[in-house]
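One structure is given below, encoded as C-alpha cells.
2 protein chains.
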Amino acid sequence: MAAETETILPPGSTIGIVGGGQLARMLAIAASQYGLKVHIYAPEANSPAFEVSAAHTCASYEDEEKLRQFAAAVDVITYEFENIPAAAVSLLSNMKPLHPNAEALSTTQDRLSEKTFISSLGIETAPFIAVPDSGALDDAITQIGLPAVLKTTRFGYDGKGQIIIRTEADIPAARKLADSAVCILEGFVPFREEVSVIATRNLSGAFSSFDLCVNEHKNHILDITRLPANVKAETEIQAISIAQRLANALDYVGTLAVEMFLVEDKGKEKLVVNEIAPRVHNSGHWTIEGAVTSQFAQHIRAICNWPLGQTQRTGRIKMRNLIGHDINDWLEIVTDEQAHLHLYGKEEAREGRKMGHVTWVFPDKMAQ
Amino acid sequence: MAAETETILPPGSTIGIVGGGQLARMLAIAASQYGLKVHIYAPEANSPAFEVSAAHTCASYEDEEKLRQFAAAVDVITYEFENIPAAAVSLLSNMKPLHPNAEALSTTQDRLSEKTFISSLGIETAPFIAVPDSGALDDAITQIGLPAVLKTTRFGYDGKGQIIIRTEADIPAARKLADSAVCILEGFVPFREEVSVIATRNLSGAFSSFDLCVNEHKNHILDITRLPANVKAETEIQAISIAQRLANALDYVGTLAVEMFLVEDKGKEKLVVNEIAPRVHNSGHWTIEGAVTSQFAQHIRAICNWPLGQTQRTGRIKMRNLIGHDINDWLEIVTDEQAHLHLYGKEEAREGRKMGHVTWVFPDKMAQ
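From first to last, the protein sequence lines stand for chains A and B. Counting with full-length UniProt numbering, you get residues 1 to 368 for the letters of the first sequence. Counting with full-length UniProt numbering, you get residues 1 to 368 for the letters of the second sequence.
Right under this line is the structure:
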C-alpha cells in the first residue's frame, strides 16, 4: 500500500479507529475539529468513542466479515491499543493503510521483541531474559539477580501481569505467573523518576516531540504527570533523541510514547527505556490544553500525512488521572476555575478504571 | 420548571441541542469533554453536529411527535440558532428546562422587540422605527433620515433581509423588501469599529465575560475577529457591563453575544448596541484555543448549572472565517504550524457558506 499511503488525506476523509476507549474518543474529537469523519471499531457496547463518532461497528476482533466492511468504509486505519489480534491487523493492513504499521505493532506488542529491538539500537534497557516457562525461572533469577520483575510478554498494562520478586518468598507466586504465560524477567531499575517522551512522526518522516513528562504512579496506574521535568537540558535532549531513533527504526507513523527510567548514576543522569506504547498515551493528555497542538491532533495529522503542528508547551503542567471513584470529585474539580476537567462518559466507576483526567496549565516562570 | 432547572446536571446527563450546524457541533464537542451526552435535533440530513453526537433526530421543527420524543430523551434543552418556530419552543420548554429561556429567545428573535427591550434599559441603540408595511416607509425615512438601513424584523442573518438606503434611488428596492415582510428602519451608525462581547450567565446568576472582540465583516459576513481591542479600558468595562445588564434583564442562562458599534463622538468612545445573539457566536470561536475556557464549554457549564470557568485570554488573537471556497486553502493553513484549523464537515462549499475557521494565538506583548 506504499503508494496509497503517501497521498495526503483531505478533510472529509474517514479515519477508522480500532478500539473505542478514551484514547479513541479523544482522537475522534481531534479528527472532527479538522473536518474528518471517524468510524470506530470496538467490541464493547457503550464504548466511550461511539458517542463522538460519525459511525461505529460494534463487533469482535475475530469477526472477519465486520472487519472487512469496516476497512472498506474508511480511508486510513489507526488504533488506540496495542493488543489487537495479529489476524485482524493482517486483514486490515491488506485492505487499507494502517498506521502505525503492522511491524511496529508486533514489535511493541511483545515485551521480549520490544526490548530486543531497543537493545539492538544500542539504547539501554533494564537487563532482561526470556522466561518461556516456570522451569526457566531459577536460571533467569541467577543471571538477573534480585530484585527483579517478572512480566508476561503480552497483554500487560497498568501493572497487570507482573510480579516484583524481592526475595525468595516471592518466587512461588512468580512461578505461578510463569506457568500461566510466556514471561520476561527484568532487572529492577533503581530510578529517581519515571519520565516519558510523547512524539510524533508523519508519513514524510517529519518528527516532532513534546517536552519531557514526569510521571508518578499509584497502584501501578499513572496518577500524575508534571512538566517541565527537573532534569538537565542534555538529558531532555537525549530522551527526545532516543524517541526519534526508535520512531525512525520502526518506520513509525503517528504519535508514540516512550517510557523511560531516569537513573542517577555517580551524579550523572542516565536514561533507561522501559517500554514503547505505539499510540497516544495517558502521559500526553495534558497536551490538549498545555501545548499548541495536542498529541491527538498530531496523530491525526501524521496518519493523514499532513504537516505536523507546533508542540510548544504553554505553561507549567499538572495532569491528574481520575481513577474509579475519583470521578465523584467532579463538582469540586469544576469549581476550580483553572482546572480542565475531562470525563470519558464511562457508566460504571469500577476500581482502577480510568474515568477521566484533569489538567492545570499554570503560567510558566519564564513567561512571568 | 423552576425547581427542576436549579438542580446541577451531573456528567452522564444528556444535552438536547436544537439545530445541527457548526455551533451545535462545537457545543457537542465541548459537552463530550465533560462526559455529557448530546442529542441533536435538526431537519437537515448530514447536519455537521450529527457526526460528533451520541444521538440525533432528523426531523422538521413542525413535527410535534418527534419534538416530544426528543424532549423526553434529554435532560436539558438548548439551541444554536434563534429562528426556532414559537410552537416548537413552547412544546419543548413545557417538557424540559430550556436555556436560554423562551422569553429571551422571543425578545431577540425579532429586531423590533429586541431594540425596544434594549432601549427600555437605557442602553443606546441606533434610532429605529417600525415599518409594518411599505406604506409606512416614507414616514419612517422622514423621521430617521438618510442613510438608514431597512431590515426585516425576523430571520435575517449575515446581511440577508436588509437593504441600505443611502439616497432616494434605493427606495424602490426598500419598498419591495417592506412589502415582503414586517421591517424596521434603523438609522445608520457611523462606527469606528464593530465589536462584540461574548459572555455567559449561569442558572445561579453568576456572570463571566471574555475580552472585547473587534470584528471585520466582508459581504456582511464576519471575516476576522481580533483581540485585544484597541479601545480605552473604560470602554471595554462599559461594553461588558452592558452585556451583563442585558443578560440579567433577560434572566439569561448560557452564552450570549452582544454586537455593538464603537462610535467616536467628539474624541470620546461611545457604544451603540446593534443586536443580541442568544447563543454562542462566531466572534467567540477564538476562545477554543485563546481562552482558558471556551464559549462552548461555558455555555454547557451554564445550562448544567455548573460553576463557570476562567475566561482569561491566553494571547493576542486573530480568527479568520473560511467562507465557501476559502476551504480550498486548508493545506496551506495547516502548513502554518501556529494555525489552529477548524473545519465543520460540510460537504458542499457554497458561496457565503461558513465552512470553517482558523485561530492564531500569538504571545501577548504583556507576556513577552
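The beta carbon of each residue, even a glycine, is placed where N, CA and C say it ideally should be.
| Asked | Found |
| --- | --- |
| Burial state of A:S60 (16 or more Cβ within 10 Å) | exposed |
| Rounded straight-line distance, which links the Cα of B:S204 to that of B:T7 | 10 Å |
| Spatially closest choice to B:G16 from B:D265, B:D223 and B:L92, by CA coordinates | B:L92 |
| Contacts that A:S32 makes with chain D (C-beta to C-beta distance below 8 Å) | Any reference to chain D falls outside this structure, whose protein chains are A and B. |
| Assigned secondary structure, A:D265 (DSSP; H/G/I helix, E/B strand, else coil) | strand |
| Where the alpha helix (DSSP H) containing A:G290 begins and where it ends | T287 to G290 |
| Same chain, Cβ closer than 7 Å to B:S294, neighbours up to 5 away in sequence not counted | A30, T287 and I288 |
| Cβ-based neighbour list, B:S283, same chain, cut-off 7 Å, excluding 5 preceding and 5 following | S196, I198, C213, N215, L222, T225 and A257 |
| Cβ-Cβ distance between B:N321 and B:K354 below 8 Å | yes |
| Alpha carbon of residue 377 of chain A to alpha carbon of A:T153, nearest angstrom | Residue 377 of chain A lies beyond the residue range present for chain A, which begins at 1 and ends at 368; the question has no answer from this structure. |
| Beta carbon of A:A302 nearer than 8 Å to that of A:G254 | yes |
| Unbroken beta strand (DSSP E) run spanning B:L50, endpoints | The amino acid occupying residue 50 of chain B in the given sequence is Phe; Leu does not appear at that position. It is not in any beta strand (DSSP E) - B:F50 carries neither H nor E in the DSSP assignment. |
| Check whether B:E194 and B:E124 have beta carbons under 8 Å apart | no |
| Residues sharing a beta bridge with A:I163, DSSP | A:L150 |
| A:W286: contacting residues in chain B (beta-carbon distance under 8 Å) | Here the premise fails: no neighbours, minimum Cβ distance about 14 Å. |
| Chain B within 8 Å of A:T78, Cβ atoms only | no |
| Residue interval of the alpha helix (DSSP H) (run including A:D138) | L137 to I144 |
| A:K37 at chain B interface by Cβ criterion, 8 Å | yes |
| Endpoints, the beta strand (DSSP E) within which A:E216 is located | C213 to K218 |
| Uninterrupted alpha helix (DSSP H) stretches inside the stretch 184–242 of chain A (no shorter than 4 residues) | none |
| Beta-bridge partners of B:G356, as assigned by DSSP | B:L322 and B:L343 |
| Any C-beta of chain B under 8 Å from that of A:H342 | yes |
| Residue-chain proximity (A:T5, chain B), Cβ-Cβ < 8 Å | Residue placement at A:T5 cannot be trusted, given a pLDDT of 45 that sits under 50; the coordinates are not used to answer. |
| 8 Å Cβ cutoff, B:E337 in contact with chain A | yes |
| Beta-carbon spacing of B:L146, B:T116 below 8 Å | no |
| Contact check, A:A173 vs A:I163, beta carbons under 8 Å | yes |
| Interface partners of A:G356 on chain B, CB under 7 Å | G35 |
| Which residues DSSP lists as bridging A:K37, in chain order | A:T14 |
| Contact belief for B:A102 with B:S90 at Cβ below 8 Å, rounded distance in angstroms | 7 Å |
| Within-8 Å CB hit, A:I8 to chain B | yes |
| Stretch-stretch touch, CB-based, cutoff 8 Å, three pairs: the stretch 40–55 of chain A with the stretch 241–255 of chain A | no |
| Neighbourhood of B:K66 by C-beta distance below 8 Å, restricted to the same chain and skipping five residues each side | Y41, T57, A59 and S60 |
| Those runs of the alpha helix (DSSP H) which lie wholly inside the stretch 77–110 of chain A and span at least 4 residues | 86–95 and 102–109 |
| Segment contact, 8 Å Cβ cut-off, at least three pairs: the stretch 94–101 of chain B with the stretch 72–82 of chain B | yes |
| Distance between B:V189 and B:Q143 (C-alpha atoms, nearest Å) | 15 Å |
| B:H56 in three-state terms, based on DSSP | strand |
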